[in-house]
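Worksheet: the structure to be examined is printed underneath.
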Amino acid sequence: MAPMAWAPRHRILAGVNDFVMFYAGAKLSGTPDLYNPARVRQVQGDSAGSTGENYLYCRPPYLALLIRPLGRMPYHTAYLLWQLLLLAGFAGFLALWRPTPFPITVLFSCLSLPLFACFMNAQDLPLLLLWIALSLRLEREGRHFWAGLIFSFCAAKFHLFLLVALLIVGQRLVRFAFGLAAGGLFFVTLSFATAGLGWPARYWEILKLTTTVDVVEQMPNLRGLFFGWPHSAWWEGLVGLTAVIAVWIIVRNADFEMGLAAALAGGLLIGVHGSVADAVLLLPACLIVYARTAEGWPRALAIVLLMPVGYVLWASPLPMLRVLVPLSILGMLYSTAFLARLGSLRPGSGTAFGWQTVA
Numbered sequence: 073m074a075p076m077a078w079a080p081r082h083r084i085l086a087g088v089n090d091f092v093m094f095y096a097g098a099k100l101s102g103t104p105d106l107y108n109p110a111r112v113r114q115v116q117g118d119s120a121g122s123t124g125e126n127y128l129y130c131r132p133p134y135l136a137l138l139i140r141p142l143g144r145m146p147y148h149t150a151y152l153l154w155q156l157l158l159l160a161g162f163a164g165f166l167a168l169w170r171p172t173p174f175p176i177t178v179l180f181s182c183l184s185l186p187l188f189a190c191f192m193n194a195q196d197l198p199l200l201l202l203w204i205a206l207s208l209r210l211e212r213e214g215r216h217f218w219a220g221l222i223f224s225f226c227a228a229k230f231h232l233f234l235l236v237a238l239l240i241v242g243q244r245l246v247r248f249a250f251g252l253a254a255g256g257l258f259f260v261t262l263s264f265a266t267a268g269l270g271w272p273a274r275y276w277e278i279l280k281l282t283t284t285v286d287v288v289e290q291m292p293n294l295r296g297l298f299f300g301w302p303h304s305a306w307w308e309g310l311v312g313l314t315a316v317i318a319v320w321i322i323v324r325n326a327d328f329e330m331g332l333a334a335a336l337a338g339g340l341l342i343g344v345h346g347s348v349a350d351a352v353l354l355l356p357a358c359l360i361v362y363a364r365t366a367e368g369w370p371r372a373l374a375i376v377l378l379m380p381v382g383y384v385l386w387a388s389p390l391p392m393l394r395v396l397v398p399l400s401i402l403g404m405l406y407s408t409a410f411l412a413r414l415g416s417l418r419p420g421s422g423t424a425f426g427w428q429t430v431a
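Start counting the sequence shown at 73; every next residue gets the next number (our numbering).
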């Protein structure tokens with residue numbers, strides 16, 4: 073993977089990547105211009121010397137508030153601290169992760185091209201890995217409310233976690249849901265307090281604007297899989313429904329750990345937006361599938377998704393090669409659902425899993 077970073081090395085070292093977006097958000101937090109494209113471009117040009125449609129701030133206001141101290145620093149100092157923060161998040165994930173042995177986790181993490189892309193592009197997804205690992209750890213210890221509260225920290229990329237709702241409903245995770253709702257309410261309150269009552273409408277306009285510059289055919293989801301097909305929206309909806317059904321079968325016939333893996337993989341698959349960096353959510357999902365299934369299709373496809381080969385082919389100009397990632401996710405979900413329905417999954421890595429009730 074290292075040669076992939078050689079050509080853009082000057083851009084990466086200078087911080088001319090997605091950190092331009094985060095820095096502008098930190099700089100404009102608490103002002104009416106957080107979602108003002110002209111003002112954002114001005115800040116980016118003055119600080120980093122680069123701007124563009126895909127660098128507009130497209131996260132909720134609360135995240136800009138949390139990273140506001142970075143906006144008070146010189147750009148390159150803030151960029152270094154941001155990369156160190158991402159590295160700390162990844163280190164926390166390694167330290168907290170339990171479904172697979174530590175050497176296996178380190179091996180597949182180092183082979184993860186999406187994780188590599190997160191650091192190349194200064195994406196915030198390594199922090200999401202930390203929240204997922206910590207939430208799973210708390211759930212294993214029976215601290216369900218706190219597990220949900222920590223999971224709410226993933227709200228910055230909420231569109232990738234829609235199927236967590238199936239996990240909550242299917243396993244009756246009442247206390248987890250209360251924690252998730254409490255965290256979500258806190259972040260929504262922060263957003264309105266710092267960005268005013270009209271921020272949702274402005275935020276929606278930015279989301280519509282930034283999605284027009286996406287390379288749809290290279291998305292690791294059903295939208296990318298069926299891009300260019302006749303009636304692609306119908307195909308996407310139909311196959312997406314089967315993916316949701318597969319996630320539901322896993323949720324109803326497995327424990328929290330396995331249900332979370334299905335929700336992460338399925339959420340990425342049905343999302344309307346995705347990038348190679350977003351596919352880092354497959355790292356915890358596939359590690360769980362790898363640990364909980366014996367030799368067979370689920371484990372084989374999990375290994376395919378953990379290796380960099382599929383993502384390299386994903387960048388190929390040949391359409392038949394680009395579909396390997398979304399097809400592998402689909403196959404892993406279908407085959408895991410089949411094993412879950414048969415009750416053939418291996419036991420989990422903890423003893424505190426189980427369906428929760430109000431009592």
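For each residue, glycine too, the CB sits at the ideal point set by N, CA and C.
Scanning its chain for C-beta atoms nearer than 6 Å, with the 5 sequence neighbours on each side dropped, one finds around Leu336 the residues Leu353 and Ala357, in chain order. Residue range Ser304 to Asn325 is occupied by the alpha helix (DSSP H) that includes Asn325.
Excluding residues up to 5 positions away in sequence, Trp218, Ala219 and Ile222 lie with their Cβ nearer than 7 Å to the Cβ of Leu210 in the same chain. Take the alpha-carbon of Phe162 and the one of Leu202: they are about 6 Å apart. The beta carbon of Leu377 lies closer than 6 Å to those of Leu354, Cys358 and Ser400 in the same chain, with the five residues before and after it left out.
Residue nearest to Leu179 within the set Gln195, Leu396, Tyr362 and Gly312 is Tyr362 (criterion: CA-CA distance).
Remark: C-beta atoms of Phe230 and Pro198 do not approach each other more closely than 9 Å. Shown here, His345 sits in coil according to DSSP, grouped into three states, outside any helix or strand.
Rounded to whole angstroms, the gap between the alpha carbons of Pro370 and Phe410 is 10 Å. Gly251 counts as buried, since no fewer than 16 other beta carbons sit within 10 angstroms of its beta carbon. Annotation: the continuous alpha helix (DSSP H) that includes Lys99 extends over Phe91 to Leu100. In this structure Thr314 is exposed. Its beta-carbon is surrounded by fewer than 16 other beta-carbon atoms within 10 angstroms. For Asn108, the secondary structure class from DSSP, reduced to helix, strand or coil, is coil. Trp169 carries a coil assignment under DSSP once its states are collapsed to helix, strand and coil.
Annotation for His82: the continuous alpha helix (DSSP H) segment containing it runs Arg81 to Ala86. Pairwise C-beta distances place the region 170-186 out of contact with the region 144-152, as fewer than three of them are shorter than 8 Å. Taking all protein chains shown into account, Val319 has 16 or more neighbouring C-beta atoms within 10 Å of its C-beta and is therefore buried. In the displayed model, Leu245 falls within coil according to three-state DSSP, outside both helix and strand. For Phe223, the uninterrupted alpha helix (DSSP H) segment begins and ends at His216 to Phe223.
The Cβ-Cβ distance between Leu294 and Leu238 does not fall below 9 Å. Per DSSP, Trp369 is one residue of the alpha helix (DSSP H) stretching across Trp369 to Leu378.
With 16 or more other CB atoms across the displayed protein chains lying within 10 angstroms of its CB, Cys226 is buried.
Spanning the alpha carbons of His345 and Leu279 requires a straight line of approximately 10 Å.
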